[in-house]
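Peer 1: Have a look at the structure that comes next, please.
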Amino acid sequence: MTEISDATILQALDEASNQVLRNLPNFTYRCQNHSSVNNFYPACDNTQWTCGFWPGEICLAYEHTGSPALLHASYVLAESFLDRIVRRREVDHHDMGFLYTPSCVSLYHLDGSKRARTAALLAADQLMTRFQKKGSFLQAWGNMHDQKNHRFIIDCLMNLPLLYWASDQTGDERYREIALSHTRTCLHYSFRPDGSTYHTFFMDAQTGRPLRGETVQGYRFDSAWTRGQTWALYGLALSYRYTGDAICIEQFRQSAAYFLARLPADLIPYWDLIFTEGDEPRDSSSASIAACAFLEMAQHLPEQEAGYYRSWAKALMQNLFSFYRVTDPVCSNGLVLHGTYSKRSPFNSCTPEGVDECVSWGDYFYMEALTRLKGGWVSYW
Ligand code: GLY
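Per our numbering: the sequence shown = residues 309 to 689.
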């Protein structure tokens, strides 16, 4: 395994920041689509669950370069996020953390924007409305009275830092209590004995009892969708940061081992961990998310074990940099190639989108992992 060097980390951040700066004219007054088409992101309205990642890249590029153009774009986009939550445009789902942490908590943290803070607090309030008492979880999608939607998904662990942040900001412990309730439920049901994860888990709407695990974006109900596994890893690391609960570390160890044992030779995983070789599409975004997870958890572990996960993070980032990054802006307006948003299989129900393309969270977490490795970063999560 080759670990990324300090010089390469700086080179990668320079390149990524320059690409973000080049993209500002297209994506300041509009958002970046969830995934590229032939490696070029179209613009979109601020209506997708993914729109927070591009402003997150802008904030990270601002931290790296100090460019006033980036700060200006952050403010413009934060207004769009305030407008979205005030008007309640496409916010009836659980992805308030993915949307508002990298776009607005970040800007409040970097420059004290009160309007960004207001937007993020409203988003936390919205996320609270997704709590289902019957089963004790935050419902992912759809109508809150519909049994067919009475389920949570593994990704939601990444939405919880917004609730912890809201408690810290307001002194209102209810946000934290809901986050803890969801975490307990997720830890209980989303993880299989071998450390792999269910993408989605249904609870009984009448009794709140557990029903079954399924998938939407993974290959099969009994396989592990790769990105879900890495949302779990990063979510566990962040949950440990906020709760100090040792069970998060235990589960992290087991689930990280499952993930690492299924990486192909170049370390960049296939879109589902059932595949370990062959020509199925990769999901490069999962490698960046895992690197962030390892670097976060390393901060909470004894030095020897921390070194093990840091070493894996550096190896993942070296290979992303060497073999997957965009090297020529003529070929792509993204940062990292070969991500997979949703791949259809004979056993899943997803709409195929963004297969073997750049994906906006892949670009964001690539930059976040590099920023973490550069050192001195204060987390937005
Ligand atoms: N949260 C949905 C995804 O990762 O595709």
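Backbone N, C-alpha and C fix where the C-beta goes; we use that ideal spot for every residue, glycine too.
Using 10 angstroms around the beta-carbon of Q514, count the other beta-carbons present and answer buried if the total reaches 16, otherwise exposed.
Peer 2: As a first step, residue 514 is located in the sequence shown; it is residue number 206 there, counting from the start. With fewer than 16 other Cβ atoms within 10 Å, it is exposed.
Peer 1: Taking C-beta to C-beta, are Q525 and Y566 nearer than 9 Å?
Peer 2: The count along the sequence shown starts at 1 and reaches residue 525 at position 217. The count along the sequence shown starts at 1 and reaches residue 566 at position 258. Their beta carbons are not under 9 Å apart, which means Q525 does not touch Y566 by this criterion.
Peer 1: Say whether the stretch 325 to 336 touches the stretch 363 to 372, bearing in mind that this needs 3 or more beta-carbon pairs closer than 8 Å, one atom from each stretch.
Peer 2: Enough Cβ pairs lie closer than 8 Å, so yes.
Peer 1: Flag Y649 as yes when its Cβ comes closer than 8 Å to any non-hydrogen atom of ligand 1, and as no otherwise.
Peer 2: Locating residue 649 in the sequence shown gives position 341, counting from the first residue. At least one heavy atom of ligand 1 is nearer than 8 Å to the Cβ of Y649, so yes.
Peer 1: Contact check, H380 vs L446 under 8 Å by CB: the rounded distance?
Peer 2: Your numbering for residue 380 matches position 72 in the sequence shown. Your numbering for residue 446 matches position 138 in the sequence shown. Actually they do not touch by this definition, with Cβ atoms about 34 Å apart.
Peer 1: Looking at A599 and R570, is the spacing between their C-beta atoms short of 9 Å?
Peer 2: As a first step, residue 570 must be located in the sequence shown, where it is residue number 262. As a first step, residue 599 must be located in the sequence shown, where it is residue number 291. No, Cβ-Cβ distance for R570 and A599 is not below 9 Å.
Peer 1: Which residues in the same chain have their Cβ closer than 8 Å to the Cβ of T584, if we skip the five residues on either side of it in sequence?
Peer 2: As a first step, residue 584 is located in the sequence shown; it is residue number 276 there, counting from the start. Around T584: R570, L571, P572, Y578.
Peer 1: What are the boundary residues of the alpha helix (DSSP H) that F510 is part of?
Peer 2: Stepping through the sequence shown from its first residue, residue 510 is reached at position 202. No alpha helix (DSSP H) contains F510, which is instead part of the beta strand (DSSP E) from 508 to 511.
Peer 1: Looking at Q537 and ligand 1, is the gap between the Cβ and the nearest heavy atom below 8 Å?
Peer 2: For the purposes of this step, residue 537 is taken as the residue at position 229 of the sequence shown. Outside the cutoff, so no.
Peer 1: If you compare alpha carbons, which of Q626, G360, A545 is closest to H743?
Peer 2: Look at the range of the chain in this structure, 309 to 689, and you will see that residue 743 is not part of it.
Peer 1: Taking 8 Å as the cut-off, is the beta-carbon of W689 closer than that to any non-hydrogen atom of ligand 1?
Peer 2: Against the sequence shown, residue 689 aligns to sequence position 381. No, the beta carbon of W689 sits no closer than 8 Å to any heavy atom of ligand 1.
Peer 1: Excluding sequence positions up to five away, which residues of its chain have a Cβ less than 7 Å from the Cβ of G450?
Peer 2: Locating residue 450 in the sequence shown gives position 142, where the first residue counts as 1. Excluding residues within five positions, the ones whose Cβ falls inside 7 Å are N457.
Peer 1: Does the stretch 623 to 630 come into contact with the stretch 650 to 668, if we say contact requires no fewer than three beta-carbon pairs (one atom in each stretch) closer than 8 Å?
Peer 2: They do not touch, by the three-pair rule.
Peer 1: Within this structure, are the beta carbons of A428 and F629 separated by less than 9 Å?
Peer 2: Walking along the sequence shown from the start, residue 428 turns up at place 120. Walking along the sequence shown from the start, residue 629 turns up at place 321. Their beta carbons are not under 9 Å apart, which means A428 does not touch F629 by this criterion.
Peer 1: So G405 is in the alpha helix (DSSP H); what residue range does that whole segment cover?
Peer 2: Within the sequence shown, residue 405 is the residue found at index 97, counting from 1. 404 to 408 is the span of the alpha helix (DSSP H), which, as asked, contains G405.
Peer 1: If you check the beta carbons only, do E665 and G647 fall under 9 Å apart?
Peer 2: As a working mapping, residue 665 is identified with position 357 in the sequence shown. As a working mapping, residue 647 is identified with position 339 in the sequence shown. The answer is yes: Cβ separation under 9 Å.
Peer 1: Using DSSP's beta-bridge definition, name the partner residues of C494.
Peer 2: Against the sequence shown, residue 494 aligns to sequence position 186. None, per the DSSP bridge assignment.
Peer 1: Return the chain-ordered ranges of every alpha helix (DSSP H) run that is complete within the stretch 601 to 649 and spans a minimum of 4 residues.
Peer 2: Here the runs fully enclosed are 611 to 627.
Peer 1: Grab the span of the beta strand (DSSP E) containing R459 for me, first residue to last.
Peer 2: As a first step, residue 459 is located in the sequence shown; it is residue number 151 there, counting from the start. Counting along the chain, the beta strand (DSSP E) containing R459 begins and ends at 459 to 461.
Peer 1: Is the stretch 472 to 490 close to the stretch 498 to 512, with three or more CB pairs under 8 Å?
Peer 2: Contact fails: fewer than three Cβ-Cβ distances are below 8 Å.
Peer 1: Starting from the N-terminal side, write out each stretch of the beta strand (DSSP E) that is 3 residues or longer and does not extend beyond the stretch 515 to 541.
Peer 2: The stretch 515 to 541 contains these whole beta strand (DSSP E) runs: 518 to 522.
Peer 1: Give me the residue from Y674, W689, R492, A614 with the minimum Cα distance to I576.
Peer 2: Reading the sequence shown from its first residue, position 268 is the one you call residue 576. Nearest option by C-alpha distance: Y674.
Peer 1: If distances are taken between C-alpha atoms only, which option among M436, N467, S421, I312 comes closest to M452?
Peer 2: Sequence index remark: in the sequence shown, residue 452 carries index 144 (1-based). When each option's Cα is compared against that of M452, the closest is M436.
Peer 1: Determine, using beta carbons only, whether H401 comes closer than 9 Å to chain C.
Peer 2: The structure shown contains no chain C; it is built from a single protein chain.
Peer 1: Any idea which residues DSSP pairs R270 with across the strands?
Peer 2: Residue 270 cannot be examined here, being either before or after the span of the chain that is shown, 309 to 689.
Peer 1: Please report the Cβ distance between A618 and F602, rounded to the nearest whole angstrom; I am assuming they are in contact, meaning their Cβ atoms lie under 8 Å.
Peer 2: In the sequence shown, counting from the first residue as 1, residue 618 sits at position 310. In the sequence shown, counting from the first residue as 1, residue 602 sits at position 294. Residue identity differs from the one stated: residue 618 is Arg in this sequence, not Ala. About 7 Å; that satisfies the 8 Å criterion.
Peer 1: Sorry if obvious, but does the Cβ on Q525 come closer than 8 Å to a heavy atom of ligand 1?
Peer 2: As a position in the sequence shown, residue 525 is number 217, starting the count at 1. True, at least one ligand heavy atom lies under 8 Å from that Cβ.
Peer 1: Expressed to the nearest angstrom, what Euclidean distance is found between the alpha-carbon atoms of W299 and D454?
Peer 2: Since the first residue shown for the chain is 309 and the last is 689, residue 299 is missing from the structure and cannot be characterised.
Peer 1: Is W669 near ligand 1, with its Cβ less than 8 Å from a heavy atom?
Peer 2: As a working note, residue 669 is residue 361 in the sequence shown. Yes, since a heavy atom of ligand 1 falls inside the 8 Å radius drawn around the Cβ of W669.
Peer 1: Using a Cβ-based criterion (distance less than 8 Å to any ligand heavy atom), does W620 qualify as near ligand 1?
Peer 2: For the purposes of this step, residue 620 is taken as the residue at position 312 of the sequence shown. Every heavy atom of ligand 1 is 8 Å or more from the Cβ of W620, so no.
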